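Participant:
Numbering (our numbering), first residue to last: 215 to 405.
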């Protein structure tokens, strides 16, 4: 059985900040081969004890929010555990557990909110980065960009294909004109 410590050693130490947001087939394969069993445990509700302390919750959030995005890239399964990660993040933030984890790992308490297609979650994510990780300017920029996309569309158009959703004309135009990346560049230029 995989432990929270093994998840955190892999994600925080082996992969580290330089690998967290890269699209890397090798990393995706490694995560699938090493962590599919613990991910499956999470989908069956088998990691509830992890949610009883800060570092265990951090590991849970990595397994349910980060790993699926690598394991199931361009597949609807990448989003299957989002609601569980979001619920765990909200409870742990209310308990102040995010503040017991040092940056940059603290961001993984806020990313389930950034991945939400709910505007109030997006607003909260921006506030949390601004208040609790003010030095993380890149994270705050991306939180603002995610929020802007949700403000404009009420959902993330780049997920439409994977989720079997039709893109409206405005969404398709957004995707054709650079999508999320164009939003980030526009916000950077405005700063």
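Heads up, the beta-carbon is just placed ideally off N, CA and C, and yes, glycines get one too. Quantities reported herein were computed from a predicted structural model and do not represent experimental measurements.
State the Cα-Cα distance for the pair residue 265 and residue 399, rounded to the nearest angstrom.
Facilitator: On the chain shown, position 51 is the one that residue 265 refers to. On the chain shown, position 185 is the one that residue 399 refers to. Roughly 37 Å between the two C-alpha positions.
Participant: Please look up how many angstroms separate the CB atoms of residue 277 and residue 305, rounded, as I've assumed it's under 8 Å.
Facilitator: The residue you call residue 277 lines up with position 63 of the chain shown. The residue you call residue 305 lines up with position 91 of the chain shown. Between residue 305 and residue 277 the Cβ distance is about 16 Å, and since that is not below 8 Å, they are no contact.
Participant: Is the Cβ-Cβ distance between residue 222 and residue 299 less than 9 Å?
Facilitator: For this step, residue 222 is matched to residue 8 along the chain shown. For this step, residue 299 is matched to residue 85 along the chain shown. No. Outside cutoff.
Participant: Would residue 248 pass as an interface residue toward chain B - the criterion being a Cβ-Cβ separation below 9 Å?
Facilitator: Protein chain content of the structure displayed is limited to a single chain, and chain B is not contained in it.
Participant: Tell me the start and end of each unbroken alpha helix (DSSP H) in the segment 337–386 that is at least 4 residues and wholly inside, in chain order.
Facilitator: Taking only runs of at least 4 residues, the alpha helix (DSSP H) segments lying wholly in the segment 337–386 are 351–367 and 374–377.
Participant: What number of angstroms, rounded off, separates the C-alpha of residue 246 from the C-alpha of residue 239?
Facilitator: Counting from 1 along the chain shown, the entry for residue 246 is found at position 32. Counting from 1 along the chain shown, the entry for residue 239 is found at position 25. One C-alpha to the other measures close to 10 Å.
Participant: How many angstroms separate the CA atom of residue 271 from the CA atom of residue 315?
Facilitator: Taking the chain shown and counting its residues from 1, the one referred to as residue 271 is at position 57. Taking the chain shown and counting its residues from 1, the one referred to as residue 315 is at position 101. Taking the straight line joining both Cα atoms gives about 10 Å.
Participant: Just the Cα atoms here: how many angstroms apart are residue 287 and residue 236?
Facilitator: For the purposes of this step, residue 287 is taken as residue 73 along the chain shown, with counting starting at 1. For the purposes of this step, residue 236 is taken as residue 22 along the chain shown, with counting starting at 1. If I take the Cα positions, the gap works out to 12 Å.
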